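Enquirer: In the working numbering, the protein residues as written are 87 to 560.
Think of the CB as a built atom: it goes at the ideal place given N, C-alpha and C, for glycine as much as any other residue.
All of these numbers come straight from a predicted model, not from anything done at the bench.
1) Are residue 454 and residue 360 closer than 7 Å when you measure CB to CB?
2) Could you tell me the distance, in whole angstroms, from the CA atom of residue 372 to the CA atom of residue 144?
3) Assuming the contact rule is C-beta atoms closer than 8 Å, residue 85 and residue 277 should be a hit. Round their C-beta distance to whole Å, please.
4) Could you round the C-beta distance between residue 397 and residue 208 to whole angstroms and report it? I think they count as a contact, below 8 Å.
5) What runs of the beta strand (DSSP E), each 3 residues or longer, lie entirely inside the region 455-540?
6) Closest by CA to residue 439, which one among 374, 467 and 451?
7) Compare the C-alpha of residue 223 against each of 206, 378 and 162 and name the closest.
8) Look at the alpha carbon of residue 264 and the alpha carbon of residue 520, and state the distance between them as a whole number of angstroms.
9) May I have a chain-ordered list of the beta strand (DSSP E) segments no shorter than 3 residues that lie completely inside the region 157-225?
10) Taking the runs of the alpha helix (DSSP H) that are 4 residues or longer, which of them lie wholly in the region 255-319?
11) Starting from the Cα of residue 392, find the closest Cα among 153, 157, 141 and 178 and give me that residue.
12) Please name the residue, chosen from 502, 389, 403 and 385, that lies closest to residue 429 on a Cα-to-Cα basis.
13) Going by Cα to Cα distance, which pick from 528, 414, 271 and 509 is closest to residue 494?
14) Look up residue 423 in the DSSP assignment and give the residues it is bridged to.
15) Classify residue 401 as helix, strand or coil using the three-state DSSP reduction.
16) Taking residue 365 as the reference, give the member of 231, 213 and 327 with the closest Cα.
17) Does the region 496-505 come close enough to the region 286-297 to have 3 or more Cβ pairs within less than 8 Å?
18) So, residue 221 versus residue 255, is the Cβ gap smaller than 7 Å?
19) Let me make sure I understand the geometry here. Which of 464, 275, 400 and 448 has the alpha-carbon closest to that of residue 351?
20) From the DSSP output, read off the bridge partner residues of residue 412.
21) Could you work out which residue in 152, 196 and 201 is closest to residue 403 when comparing CA atoms only?
22) Excluding the five sequence neighbours on either side, which residues of its own chain have a C-beta within less than 8 Å of the C-beta of residue 134, listed in chain order?
23) Would you kindly work out how many angstroms separate the C-alpha atoms of residue 325 and residue 248, rounded to a whole number?
24) Determine whether the beta carbon atoms of residue 513 and residue 486 lie at a separation below 7 Å.
25) Compare the C-alpha of residue 516 against each of 491, 488, 525 and 483 and name the closest.
26) For residue 180, which residues in the same chain have their Cβ closer than 6 Å to its Cβ, ignoring the five residues on either side in sequence?
27) Using only CA atoms, which one of 390, 443, 518 and 475 lies nearest to residue 218?
28) Do you know how far the Cα of residue 525 is from the Cα of residue 472?
29) Between the Cα of residue 401 and the Cα atoms of 188, 316 and 170, which residue gives the shortest distance?
30) Starting from the Cα of residue 437, find the closest Cα among 160, 313 and 383 and give me that residue.
31) I need the DSSP call for residue 136, collapsed to helix, strand or coil.
32) Rounded to a whole number of angstroms, what is the C-alpha to C-alpha distance between residue 241 and residue 300?
33) Using the DSSP secondary-structure output, state which residues sit across from residue 395 in a beta bridge.
34) So what's residue 554 in DSSP terms, helix, strand or just coil?
35) According to DSSP, simplified to helix, strand and coil, what is residue 381?
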């Protein structure tokens, strides 16, 4: 009887039961996948501990090989000035020798006799340059090279601030993106469950179920991509630190307040006066001009003051029959004049070479000035447009939250359908991700603007770090 009842059950009922059974099991399978994926995202997002931006920067100063190479180059370049100064100071030398001669000698036809002569001497000399114009110009050139090294090291410091900030903010954005994707996946999970339930009781449509499945699968793929992007950004920070990077602290929801009391023209003027790249090339041009003057000075005579004291002793001579010892002390003072006459044309060639290099340095300075102006304009525009974008996205996020709630209410009372809710949620989470990126990009544009103006310091990182620590995810 039971078997008969089963065999006589109408096909639509059996088909519906099978679809419901399969749907429920598929749903449970998807919930399991969603839960495992959420655990993976949480594991990637929240490591054992977090580090602040300023802590990461301090560690990068000691562990970033690019910065360390620049610092050592700076230390080496600072030795050029004392080396050049040595050309203006006296040189002191002391030489000493001791000899012993053995031999036989015959004098006036007599039998040869063995001879043993001992001698020693020492000489102390002081040379003071009096007129060496090339050395003086070389000292001025070394001073310019020192200023160039200072500017280049300042560039390295600013570059480290920008690289650390970029890597840190990229990791922060990637972290927030994984959190947003996790929340989106859970929300779609709930909508899929709701679509399954309403379909099973006959109040929903299969279209709603398929739509929810499609959105859920798309969100799952995006979550995997977000997790991979998080690992990529973490690797970029690890390249700077040389060790595993932890998660950044805080969030970007508060935004970074930008002080723009100065106009664009003021920023450009400040950049022209303080940009370290411009200052470095100005020093390079100065050093190139000094090289021209130094090569021209190679034609000029030089005059040195030479003072010496010497002592010579000899017990005798192999060539003299008289075995008489000598002991001579001598003092000498004099002027040594050297007049270059001809060097095969090398001097003129060096002058032409240095003139060409000086013109090259001038062209590079002109190009850099124009490039810096472009950088200032782009960063200034980026900050301004970024602030407007942040304001618009904040409105979009708030409106998106309201839209999601309204569509959920409409779905319950029958004025909205499931795709409306799914679209509203997808738009909300997209706006949240865009807002996080806009905060980070605007912050970086602000730091780049200050860097182009030569005004960025560690204090800027400390201020940013405080805002990040007080912030939260959007």
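Expert: Reading from the atomic positions:
1) Position 368 of the chain shown, counted from the start, is the residue given in the question as residue 454. Position 274 of the chain shown, counted from the start, is the residue given in the question as residue 360. Taking 7 Å as the Cβ cut-off, residue 454 and residue 360 do not qualify as a contacting pair.
2) Locating residue 372 in the chain shown gives position 286, counting from the first residue. Locating residue 144 in the chain shown gives position 58, counting from the first residue. When rounded, the distance between both Cα atoms is 34 Å.
3) Nothing about residue 85 can be reported from this structure: the residues present for the chain run from 87 to 560 only.
4) Counting from 1 along the chain shown, the entry for residue 397 is found at position 311. Counting from 1 along the chain shown, the entry for residue 208 is found at position 122. Contact flag correct, Cβ pair sits at about 6 Å.
5) none
6) The residue labelled residue 439 in the question sits at position 353 within the chain shown. The shortest Cα separation from residue 439 among 374, 467 and 451 belongs to 374.
7) Here residue 223 is taken as the residue at index 137 of the chain shown, counted from 1. Nearest C-alpha to residue 223: 378.
8) As a first step, residue 264 must be located in the chain shown, where it is residue number 178. As a first step, residue 520 must be located in the chain shown, where it is residue number 434. The straight-line gap from Cα to Cα measures roughly 13 Å.
9) 177-191 and 199-217
10) none
11) For this step, residue 392 is matched to residue 306 along the chain shown. Considering only alpha carbons, the answer is 178.
12) Along the chain shown, read from residue 1 onward, the residue named residue 429 stands at position 343. Checking every option, the nearest Cα to that of residue 429 belongs to 385.
13) In the chain shown, the residue the question calls residue 494 occupies position 408. Minimum Cα distance to residue 494 is reached at 509.
14) As a first step, residue 423 must be located in the chain shown, where it is residue number 337. DSSP output for residue 423 lists 389 as bridge partner(s).
15) As a working note, residue 401 is residue 315 in the chain shown. Coil.
16) Here residue 365 refers to the residue found at position 279 when the chain shown is read from its first residue. Comparing Cα positions, the closest option is 231.
17) Taking 8 Å as the limit for Cβ pairs, the verdict is that the region 286-297 does touch the region 496-505.
18) Here residue 221 corresponds to residue number 135 of the chain shown, with the count starting at 1. Here residue 255 corresponds to residue number 169 of the chain shown, with the count starting at 1. Cβ distance not < 7 Å, so residue 221 and residue 255 don't count as in contact.
19) For the purposes of this step, residue 351 is taken as residue 265 along the chain shown, with counting starting at 1. Closest by alpha carbon: 464.
20) If you number the chain shown from 1, residue 412 lands on position 326. Residue 412 is bridged to 400.
21) On the chain shown, position 317 is the one that residue 403 refers to. Here the closest residue by C-alpha is 201.
22) Working through the chain shown from its first residue, we reach residue 134 at position 48. Model confidence at residue 134 stands at a pLDDT of 39, short of 50, so the residue's coordinates are unreliable; what they give is reported in the following sentence. Cβ neighbours of residue 134 beyond the five flanking positions: 332.
23) Taking the chain shown and counting its residues from 1, one reaches residue 325 at position 239. Taking the chain shown and counting its residues from 1, one reaches residue 248 at position 162. Using only the alpha carbons, I get a separation of about 15 Å.
24) The residue you call residue 513 lines up with position 427 of the chain shown. The residue you call residue 486 lines up with position 400 of the chain shown. Yes. Within cutoff.
25) Position 430 of the chain shown, counting from 1, holds the residue named residue 516. It is 483 whose Cα lies nearest to the Cα of residue 516.
26) For the purposes of this step, residue 180 is taken as the residue at position 94 of the chain shown. Around residue 180: 210.
27) As a working mapping, residue 218 is identified with position 132 in the chain shown. Looking only at 390, 443, 518 and 475, the smallest Cα-Cα distance to residue 218 is reached by 390.
28) One-based indexing of the chain shown puts residue 472 at position 386. One-based indexing of the chain shown puts residue 525 at position 439. Each residue's alpha carbon lies about 8 Å from the other.
29) Here residue 401 is taken as the residue at index 315 of the chain shown, counted from 1. Looking at the Cα atoms, 188 is the closest of the given residues.
30) Position 351 of the chain shown, counting from 1, holds the residue named residue 437. For the residues 160, 313 and 383, the minimum Cα distance to residue 437 belongs to 383.
31) Along the chain shown, one-based indexing puts residue 136 at 50. Of the three classes helix, strand and coil, the one that applies to residue 136 here is strand, per DSSP.
32) Reading the chain shown from its first residue, position 155 is the one you call residue 241. Reading the chain shown from its first residue, position 214 is the one you call residue 300. Rounded to whole angstroms, residue 241 to residue 300 spans 50 Å at the Cα level.
33) The residue you call residue 395 lines up with position 309 of the chain shown. In the DSSP output, where bridge partners are listed per residue, residue 395 has 210 and 417.
34) Counted from its first residue, the chain shown places residue 554 at position 468. Here residue 554 sits in helix by DSSP.
35) To locate residue 381, count along the chain shown from 1; it is residue 295. Reduced to three states, the DSSP call for residue 381 is helix.
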